[in-house]
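K.L.:
What follows is a structure written as structure tokens; I'll ask about it next.
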Amino acid sequence: MEKQDKASSKGSNVGIGEYQTGNLQISSIGLGSCVALILYDRKLKTGGLAHVMLPESNGKNDRPGKFADTAVPHLIHEMEKCGSSRKDLTAYLVGGSSMFEQFKGNLDIGNRNIAALRESLNKMKIPIESEDIAGTSGRSVFFFPKDEGRINIRRADGKCYEL
Amino acid sequence: MELNDLQLDMLKEMGNIGASHAATSLSQMLMSEVDMTVPKVDVIDISQISEYFGEDISAVVVFEIQGEVQPAGYVVYHVPKSSAIRLSNTMFGTTDEDRELNELDESAITEVGNIMISHFLDATAELLGIVMLPSPPMLAIDMAHAAFENILAQVAVDINEIILFSTELKSKNNDIESTVIMLPYDDTLHHILELLNNLINPDIGGGTA
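Respectively, the protein sequence lines represent chains U and B.
Residue 96 in my numbering is what sits at position 96 of the first sequence, and the numbering runs on without skipping anything.
Residue 135 in my numbering is what sits at position 135 of the second sequence, and the numbering runs on without skipping anything.
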């Protein structure tokens with residue numbers, strides 16, 4: 001299996017379990033059961049994105065972006081370090097689909113990720129502005145904090161739209 | 001997870017035996033020659049998976065490995081969309097390539113995957129002297145990365161690096177590219193390494209590999 005050309009994923013791609021903050025384009029390609037947790041600071045026009053794979057960390061903290069319950073507080077903390085104030089943050093969730101209808105193991109991981117993120121955001125009092133979640137189709141997400149926090153989504157079936 | 005050279009060699013040899021059986025069965029189904037690359041064993045951080053499986057739409061056929069050790073891991077047959085259409089065309093004797101994958105294609109690809117992966121696991125299990133059987137196939141036609149996320153959510157809960165076995169199978173005549181991938185759980189990998197080690201260091205007699 002050859003490595004694919006990096007140019008195919010323009011901008012900086014946030015891999016599984018990673019996170020990134022800033023005001024330039026942040027993207028995450030091929031979201032399946034994973035969920036992109038996006039925070040946008042409407043005052044500073046900056047943002048952050050975490051590529052969350054699982055709902056619960058069960059005490060692990062080596063990769064805060066990997067789990068819903070650690071990603072939310074960590075991403076908020078990272079944004080606060082860059083000058084954001086919690087009251088200016090809004091959240092967006094993208095992903096969490098079930099790719100295989102027949103998949104037996106770890107039932108419905110996509111929906112569990114979504115539920116865990118909602119709960120965690122609720123706890124931190126961050127409102128969810130909009131979501132594009134669940135379903136059976138993969139998605140790529142492109143987030144432009146500088147451009148009023150625009151979020152573009154490209155779905156596996158070819159549909160492109162703005163969240 | 002660190003693997004030494006000997007362990008890598010053993011795993012590659014195991015992959016070689018499994019993949020060559022899969023290649024033979026594919027070659028029989030397509031009634032043409034199938035070339036196979038040297039099996040690769042990569043240790044990959046989960047954040048880097050997108051460099052191997054990107055946004056391109058693919059047919060991804062997934063099998064859970066069942067048998068003695070459970071859960072053992074997954075075997076995946078990955079075919080990029082254009083190759084998947086040509087694979088199906090070859091099976092049905094049709095020629096239209098400029099189209100989407102339909103239900104007939106989906107069942108053809110699932111069945112080809114099913115036959116190949118059965119051979120792959122049979123040969124691997126026989127070498128190791130254990131029972132490994134594929135679960136019924138699960139198919140997704142989607143971004144390859146998105147499909148792999150579901151599997152990673154299973155095998156990479158406690159670990160951040162996975163061992164990816166991959167072998168490319170190509171049919172030049174029909175312009176078909178595909179990859180057979182095995183993603184074992186960490187425990188399974190250790191068990192496999194132990195069995196392989198016993199194979200090359202037997203008390204009596206020579207190795208089989």
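By construction, the Cβ of each residue, glycine as well, lies at the ideal position given by its N, Cα and C atoms.
For Glu-55 (chain B), collect the residues of the same chain with a Cβ closer than 6 Å to its Cβ; drop the 5 residues on either side in sequence, then sort them by chain order.
P.N.:
So the list reads Met-143, once near-sequence residues are dropped.
K.L.:
Select from U:Ser-27, U:Leu-37, U:Leu-117 the residue whose C-alpha is nearest the C-alpha of Pro-55 (chain U).
P.N.:
With distances taken between Cα atoms, Pro-55 (chain U) lies closest to U:Leu-117.
K.L.:
Rounded C-beta distance between Phe-144 (chain U) and Val-62 (chain B)? I'm assuming under 8 Å.
P.N.:
At roughly 34 Å, the Cβ-Cβ gap does not stay under 8 Å, so Phe-144 (chain U) and Val-62 (chain B) are not in contact.
K.L.:
What are the residues that DSSP puts in a beta bridge with Cys-160 (chain U)?
P.N.:
According to DSSP, which records beta bridges pairwise, Cys-160 (chain U) is partnered with U:Arg-154.
K.L.:
For Gly-17 (chain U), decide whether its Cβ has a neighbour in chain B, counting only Cβ atoms nearer than 8 Å.
P.N.:
With 8 Å as the cut-off, Gly-17 (chain U) counts as an interface residue toward chain B.
K.L.:
Taking Cβ-Cβ distances below 8 Å as the criterion, which residues of the region 24-39 of chain U are in contact with chain B?
P.N.:
Within the region 24-39 of chain U, the qualifying residues are Ile-29, Gly-30, Leu-31, Gly-32, Ser-33, Cys-34.
K.L.:
Classify Ile-126 (chain U) as helix, strand or coil using the three-state DSSP reduction.
P.N.:
Coil, per DSSP.
K.L.:
Less than 8 Å separating the beta-carbons of Ile-109 (chain U) and Ala-134 (chain U)?
P.N.:
The answer is no: Cβ separation not under 8 Å.
K.L.:
Does the beta-carbon distance from Ser-57 (chain U) to Thr-70 (chain U) come in below 8 Å?
P.N.:
Yes, they are a contact pair.
K.L.:
Would a check of beta-carbon distances place Leu-6 (chain B) closer than 8 Å to chain U?
P.N.:
No - not a single Cβ of chain U is within 8 Å of the one on Leu-6 (chain B).
K.L.:
Would you kindly work out how many angstroms separate the C-alpha atoms of Met-116 (chain B) and Asn-174 (chain B), rounded to a whole number?
P.N.:
Those two C-alpha atoms are separated by around 18 Å.
K.L.:
Taking DSSP as the reference, what is the three-state secondary structure of Ser-97 (chain U)?
P.N.:
Three-state DSSP puts Ser-97 (chain U) in coil, outside helix and strand.
K.L.:
Given Asn-152 (chain U), which residues of its chain have a CB within under 6 Å of its CB, disregarding the five upstream and five downstream residues?
P.N.:
Result list for Asn-152 (chain U): Phe-142, Glu-162, in chain order.
K.L.:
Which residues, in order along the region 44-56 of chain B, keep a beta-carbon less than 9 Å from a beta-carbon of chain U?
P.N.:
So the list reads Asp-45, Ile-46, Ser-47, Gln-48, Ile-49, Ser-50, Glu-51, Tyr-52, Phe-53, Gly-54, Glu-55, Asp-56, given in the order they occur along the chain.
K.L.:
Using the three-state DSSP reduction, which class does Leu-127 (chain B) fall into: helix, strand or coil?
P.N.:
Three-state DSSP puts Leu-127 (chain B) in a helix.
K.L.:
Closest by CA to Phe-92 (chain B), which one among B:Met-29, B:Asn-4, B:Leu-189?
P.N.:
Cα-wise, what sits closest to Phe-92 (chain B) is B:Met-29.
K.L.:
Count the other CB atoms within 10 Å of the CB of Met-182 (chain B); is the residue buried (16 or more) or exposed (fewer)?
P.N.:
Looking at its Cβ environment, which holds 16 or more other Cβ atoms inside 10 Å, Met-182 (chain B) is buried.
K.L.:
Can you find a CB in chain B that lies within less than 8 Å of the CB of Arg-63 (chain U)?
P.N.:
Answer yes: the Cβ-Cβ gap between Arg-63 (chain U) and chain B drops below 8 Å somewhere.
K.L.:
Where Ser-118 (chain B) and Gly-18 (chain B) are concerned, what is the direct C-alpha to C-alpha distance, given to the nearest angstrom?
P.N.:
Near 10 Å, if we compare the C-alpha coordinates of Gly-18 (chain B) and Ser-118 (chain B).
K.L.:
Excluding the five sequence neighbours on either side, which residues of its own chain have a C-beta within less than 8 Å of the C-beta of Glu-33 (chain B), listed in chain order?
P.N.:
Counting only Cβ-Cβ distances below 8 Å, and skipping sequence neighbours, we find Ser-27, Ser-171, Lys-172, Asn-173.
K.L.:
So Leu-152 (chain B) contacts chain U; which residues on that side make the cut at Cβ distance below 8 Å?
P.N.:
What Leu-152 (chain B) touches in chain U: Ile-16, Met-53.
K.L.:
Is it true that the CB of Ser-178 (chain B) sits closer than 8 Å to the CB of Val-38 (chain B)?
P.N.:
No, the Cβ-Cβ distance between Val-38 (chain B) and Ser-178 (chain B) is not below 8 Å.
K.L.:
What does DSSP give as the partner residues of Val-69 (chain B) in its beta bridges?
P.N.:
DSSP lists no partner for Val-69 (chain B).
K.L.:
Where Leu-127 (chain B) and Lys-146 (chain U) are concerned, what is the direct C-alpha to C-alpha distance, given to the nearest angstrom?
P.N.:
One C-alpha to the other measures close to 57 Å.
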